[in-house]
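Asks: Keeping their order, the protein sequence lines are chains A and B. Per the working numbering: the first sequence = residues 3 to 271. Per the working numbering: the second sequence = residues 3 to 271. Before I ask anything, let me first share the structure, which is written out below as structure tokens.
Protein chains: 2
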Amino acid sequence: MAERGRGWARAVRGLLLDVSGVLYDSGADGGVPIAGSAEAVRRIKASGLKLQLCTNETQATREDFVRKLRAMGFDVSVAQVTAPAPAACRLLRERGLRPHLLVHDGLVPEFAEIDKTNPNCVVLGDAAENFTYANLNEAFRLLIGMEKPVLISLGKGRYYKETDGLKLDVGAYMKALEYACDVQAEVVGKPAKRFFESALAELGVPAEQAIMIGDDIVSDVGGAQQCGMRALQVRTGKYRPSDENHPVVKPDAYVNNLAEAVDIILQQL
Amino acid sequence: MAERGRGWARAVRGLLLDVSGVLYDSGADGGVPIAGSAEAVRRIKASGLKLQLCTNETQATREDFVRKLRAMGFDVSVAQVTAPAPAACRLLRERGLRPHLLVHDGLVPEFAEIDKTNPNCVVLGDAAENFTYANLNEAFRLLIGMEKPVLISLGKGRYYKETDGLKLDVGAYMKALEYACDVQAEVVGKPAKRFFESALAELGVPAEQAIMIGDDIVSDVGGAQQCGMRALQVRTGKYRPSDENHPVVKPDAYVNNLAEAVDIILQQL
């Protein structure tokens, strides 16, 4: 980021951090922390900056997710996690929707209080191994059988990186169902503006005093900038050099990793 | 079709027939003939009209497909089947492409003569049970790892009907991979113009003297009309009443089934 100066790091009061690809690389083995990230989170807390995790994670409840992060050395709490499932539950309640869930087994408890009988919508998350041919056909048949199909997608990421390689994310399966049913999904999670606004409210800092740090050029960087935040792309996680030629989205800066971002931001405080 | 008259049935020398949803309803049990369709095929042959099956079937080789149709009472030969896999093989050879196949086990022999080492493209068919999370991730990783990803899709149908219900078709999975890899698939099969032109060449009749009969408003009817053919939609197979309000495609006529179409066409000869 030297080429652009460090003006982007001024007048900051809070940070929104993406998790997978920024704090750790996820994987079937539970994942591994990215070097320097746990220390960076500790330094953010010690600095007095506010901190909120803004994640599209939908493979676990927030409680299980935080337990995993804490076991990896990240000092974070459930209240510091903004995630799509609770946002989806608010939306379902507001509109009297009863979901059929095509989600990861680990996420199901987030919907415990929601009426799921006689479904009138489909909620799609990163179902991973639950993305079977049978489950996809079942969700499709429910949607195509509705007079006005309602598809709610917990994110629209294209792919993400796990320790054993890249995996298709929920957005790819969302596109499959959108096309088959000729319907447009409602996206809950990044990059939806409403989702970033919830995260900012939970952070307690206005957009112009917050910086989003993520590895996804579109969902993290583009989405946050649309809300008036500054946004950095880390060169960890699913970052690819071709992201730096993205036709639409330009981050306020690139950083090699979270630790470098925090170094620069703390120097400017 | 009474409301539009029967002018559409005049000056016909050959028929292109879609198969699944027109001749029979497919299914895990092998499928069941649609009432009157086998007799209709016999009457077409007896009339002297030329006949070619124009199918996006990619779950079996043409030989196995014809064997199944003959066992159901349809008097057809392998030469009378225009299908995507042989068209894809021609394209692969022309361009020196070596495919990774994500297709139904039953289709693999169609690619026996094609070099599949060190793949530089992905060929996607209606893989059905082979549409697993692992196989989709594998195809995705190969594509995203290519400097210029090449995705060849054997059709782009949204869904089809089997005896046990509607199933997502290859088009839905094509859209998933297109989105994840930010690439546009090349479609071999209906509704590609080149594919209909091959079918007409095999039929031996010019477009203006041929009628396409299918249950898919876009792939069958729209595709054939784009090539200058007349096209009928049958109210069998995956036909849905809402097709009759399609914003773009209007068939030359609707018929209740193949038998009715053949009745009218033969009366006009």
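Beta carbons are placed, not taken as given, at the ideal position from N, Cα and C, and that holds for glycine.
#1: At least one CB of chain B closer than 8 angstroms to the CB of glutamate 204 of chain A: is that the case?
#2: Can you look up isoleucine 46 of chain A in the DSSP assignment and give me helix, strand or coil?
#3: Please state whether the Cβ-Cβ distance between threonine 60 of chain A and glycine 127 of chain A is less than 8 angstroms.
#4: Which residues in the same chain have their Cβ closer than 7 angstroms to the Cβ of leucine 170 of chain B, if we skip the five residues on either side of it in sequence?
#5: Taking one C-beta from the segment 11-20 of chain B and one from the segment 63-72 of chain B each time, how about it: are there three or more such pairs within less than 8 angstroms?
#6: Throw me the rounded Cβ distance for the glycine 32 of chain A and lysine 70 of chain A pair, which I believe falls under 8 angstroms.
#7: Under a three-way DSSP split, which group does glycine 225 of chain A fall into?
#8: By the 9 angstroms beta-carbon criterion, what residues does the segment 52-79 of chain A contribute toward chain B?
#9: Terminal residues of the continuous alpha helix (DSSP H) containing tyrosine 162 of chain B?
#10: For isoleucine 154 of chain A, which option in A/Val172, A/Arg143, A/Asp217 has the closest C-alpha, if you only look at C-alpha atoms?
#11: Can you say whether lysine 177 of chain B is buried or exposed, counting buried as having 16 or more other CB atoms within 10 angstroms of its CB?
#12: Since arginine 80 of chain A sits in a beta bridge, which residues does DSSP pair it with?
#13: Ordered along the chain, which non-local residues of its own chain (more than five positions away) have a Cβ less than 8 angstroms from that of lysine 240 of chain B?
#14: Spell out whether any CB of chain B is found under 8 angstroms from the CB atom of phenylalanine 133 of chain A.
#15: Start and end of the beta strand (DSSP E) containing arginine 232 of chain B?
#16: By the criterion of Cβ-Cβ separation under 8 angstroms, what are the contact partners of leucine 168 of chain A in chain B?
#17: When Cβ atoms are compared, which residues of the segment 170-200 of chain B fall closer than 9 angstroms to chain C?
#18: In chain B, which residues lie less than 8 angstroms from alanine 130 of chain A when you measure between Cβ atoms?
#19: Output needed for aspartate 107 of chain A: all residues of its chain with C-beta closer than 8 angstroms, excluding positions within five of it in sequence on either side, in chain order.
#20: Using a Cβ-Cβ distance cut-off of 8 angstroms, determine whether tyrosine 161 of chain B contacts chain A.
#21: Please classify lysine 52 of chain A as buried or exposed, where buried requires at least 16 other C-beta atoms within 10 Å of its C-beta.
#22: Could you give the residue range of the beta strand (DSSP E) that holds alanine 255 of chain A?
#23: Could you give the C-beta distance for asparagine 58 of chain B and serine 221 of chain B, rounded to a whole number, given that I count them as a contact under 8 angstroms?
#24: Which complete alpha helix (DSSP H) runs does the segment 129-205 of chain A hold, if anything under 4 residues is left out?
#25: If you count every other CB in all the chains shown that lies within 10 Å of the CB of arginine 12 of chain A, and 16 or more means buried, which is it?
#26: Do the CB positions of isoleucine 46 of chain A and valine 264 of chain A come within less than 8 angstroms of each other?
#27: Let's test the definition: count the other Cβ atoms within 10 Å of the Cβ of asparagine 247 of chain B and tell me whether it reaches 16, buried, or not, exposed.
#28: Tell me the rounded alpha-carbon separation between leucine 145 of chain B and valine 152 of chain B.
#29: Can you name the start and end residues of the beta strand (DSSP E) that lysine 70 of chain A belongs to?
#30: According to the neighbour-count rule (16 or more other Cβ atoms, all chains shown, within 10 Å of its Cβ), is threonine 238 of chain B buried or exposed?
#31: Who does lysine 52 of chain A pair with in a DSSP beta bridge?
#32: Between which two residues does the alpha helix (DSSP H) holding proline 86 of chain A run?
#33: Between which two residues does the alpha helix (DSSP H) harbouring valine 264 of chain A extend?
#34: Quick one: Cα of leucine 234 of chain A to Cα of proline 208 of chain A, how far?
#35: Do isoleucine 141 of chain A and leucine 179 of chain A have their CB atoms nearer than 8 angstroms?
Replies: On the basis of the coordinates in this document:
#1: no
#2: helix
#3: yes
#4: Tyr161
#5: no
#6: 6 angstroms
#7: helix
#8: none
#9: Taken as a continuous stretch (DSSP letters only), tyrosine 162 of chain B belongs to no alpha helix (DSSP H), being part of the beta strand (DSSP E) at 161-164.
#10: A/Val172
#11: buried
#12: Note on residue identity: the sequence assigns valine, not arginine, to residue 80 of chain A. Partner(s): none; valine 80 of chain A has no beta bridge.
#13: Gly23, Tyr161, Tyr162, Lys163, Leu168, Asp217, Asp218
#14: yes
#15: 232-236
#16: Asn139, Phe142, Arg143, Ile146
#17: Annotation note: the requested chain C is absent from the structure, which comprises protein chains A and B.
#18: Tyr135
#19: Asn132
#20: yes
#21: buried
#22: 255-257
#23: 7 angstroms
#24: 135-146, 172-183, 195-205
#25: exposed
#26: yes
#27: exposed
#28: 7 angstroms
#29: Run containing lysine 70 of chain A: none in the beta strand (DSSP E); it sits in the alpha helix (DSSP H), 64-73.
#30: buried
#31: A/Gly16
#32: 86-97
#33: 260-270
#34: 17 angstroms
#35: In the sequence as displayed, the identity of residue 141 of chain A is alanine instead of isoleucine. In contact: alanine 141 of chain A and leucine 179 of chain A (Cβ atoms closer than 8 angstroms).
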